[in-house]
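Below: one structure, written as structure tokens.
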Amino acid sequence: MLGVHRFVTSTPGGDPVAETQRTTGIVLSYMTRMGVSSSVVEAMSETRDVRWLGAKEAAAMNLVTNPVERP
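In our numbering, the protein residues as written are 34 to 104.
Below, the structure written as structure tokens:
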């Protein structure tokens with residue numbers, strides 16, 4: 034099972050919007066360098082809980098390249 038979720042901070046202060054944008058940029062940059070689709074960031078931000086990805090969805094996002102078959 035592979036799940037994605039929104040990131041949060043527990044550190045008070047600062048500008049939460051600016052921090053969110055900065056963190057999103059870092060995550061998106063890393064994912065792009067790894068060949069992962071930017072749609073994973075969209076999936077992460079769509080829910081407050083864990084969003085579980087099926088094998089086809091994860092493969093479409095290039096999060097997995099060779100899914101393991103269930104026995």
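Glycine is no exception: its CB is placed at the ideal position from the N, C-alpha and C atoms.
| Query | Result |
| --- | --- |
| Val37 burial status per 10 Å Cβ neighbour count (16 or more: buried) | buried |
| Span of the beta strand (DSSP E) around Val37 | Leu35 to Val37 |
| Per-residue DSSP class, three states only, for Arg55 | helix |
| Cutoff 7 angstroms; reference Val60; Cβ partners in own chain excluding five residues on either side | Val74 |
| Three CB pairs or more closer than 8 angstroms across the segment 82-99 and the segment 48-55 | no |
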